[in-house]
Amino acid sequence: MSLTAEASVHVDADREAVWRALTDPGLIAQYLFGTQVETDWAVGSPITYSGVWEGKPYQDKGTILVFDEPNTIVSTFFSALRGKPDIPENYQNVTYRIDDAVDGGVTVTVIQDGNADEAEAAHSARNWTMVLEGLRGVVER
Numbered sequence: 001m002s003l004t005a006e007a008s009v010h011v012d013a014d015r016e017a018v019w020r021a022l023t024d025p026g027l028i029a030q031y032l033f034g035t036q037v038e039t040d041w042a043v044g045s046p047i048t049y050s051g052v053w054e055g056k057p058y059q060d061k062g063t064i065l066v067f068d069e070p071n072t073i074v075s076t077f078f079s080a081l082r083g084k085p086d087i088p089e090n091y092q093n094v095t096y097r098i099d100d101a102v103d104g105g106v107t108v109t110v111i112q113d114g115n116a117d118e119a120e121a122a123h124s125a126r127n128w129t130m131v132l133e134g135l136r137g138v139v140e141r
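Per the UniProt record's numbering, the sequence shown starts with residue 1, numbered consecutively.
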C-alpha cells in the first residue's frame with residue numbers, strides 16, 4: 001500500500017522568489033537542515049542530497065522528472081535512512097508545486113508518495129511542514 005504525505009504553506013512573496021528558494025543550493029541548505037543539493041535541474045538528471053543527520057553522514061538521491069519553471073518540480077527520491085534496499089519500488093516521488101494564492105503571495109505544496117504506512121506518511125507530512133515553514137522564513141526575510 002502506498003500512502004501520500006502532503007504539506008502546504010502560504011508565502012508572502014512572488015513565485016519567482018519561491019522558485020529561487022526551491023532551486024538555489026545555497027538557499028536550500030538554509031531551510032533543509034543544512035543539506036547540500038547537487039543537480040543541473042534538467043529532466044532526467046540526477047539529484048543528490050548530502051549532509052549529516054543525527055551525527056551520521058548521508059546521501060539521498062533521485063532523478064528529476066519534471067522541471068516546469070516557475071511552477072512545478074517532480075523528482076524521484078531514495079533515502080537509505082528509510083532502511084530499505086536501493087531498488088526502484090523503494091523510490092518515492094516528491095512534487096513541489098507553487099500556486100498563486102487568492103489573497104496575494106503563493107501557496108507552496110509538497111506531495112510525497114510511496115510512504116509505507118500511515119505512520120510514515122504522517123511523519124513525512126510533519127517533516128515537510130517544518131521544511132516549508134523554513135522556506136517561508138528564508139523567502140520572507
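We put the beta carbon where it would ideally sit given N, CA and C, even for glycine.
Determine which residues share a DSSP beta bridge with W53 and list them.
K56
Look at the alpha carbon of V74 and the alpha carbon of E118, and state the distance between them as a whole number of angstroms.
22 Å
In the DSSP assignment, the beta strand (DSSP E) including residue 153 goes from what residue to what residue?
Not covered by the structure: residue 153. The range shown for the chain is 1 to 141.
Whole angstroms is fine: what's the gap from V11's alpha carbon to V110's?
13 Å
Terminal residues of the alpha helix (DSSP H) in which R20 lies
R15 to T23
Looking at the unbroken beta strand (DSSP E) that takes in S8, where does it start and where does it end?
L3 to V11
Suppose you measure from the CA of V66 to the CA of I87; what does that come to, to the nearest Å?
21 Å
Taking a contact to mean a Cβ-Cβ separation below 8 Å, would you say residue 150 touches L135 in this structure?
Here the chain has residues from 1 to 141 only, and residue 150 is not among them.
Please name the residue in L3, G105 and V9 whose C-alpha comes closest to that of E133.
V9
Under DSSP, the alpha helix (DSSP H) around V138 begins and ends at which residues?
E118 to E140
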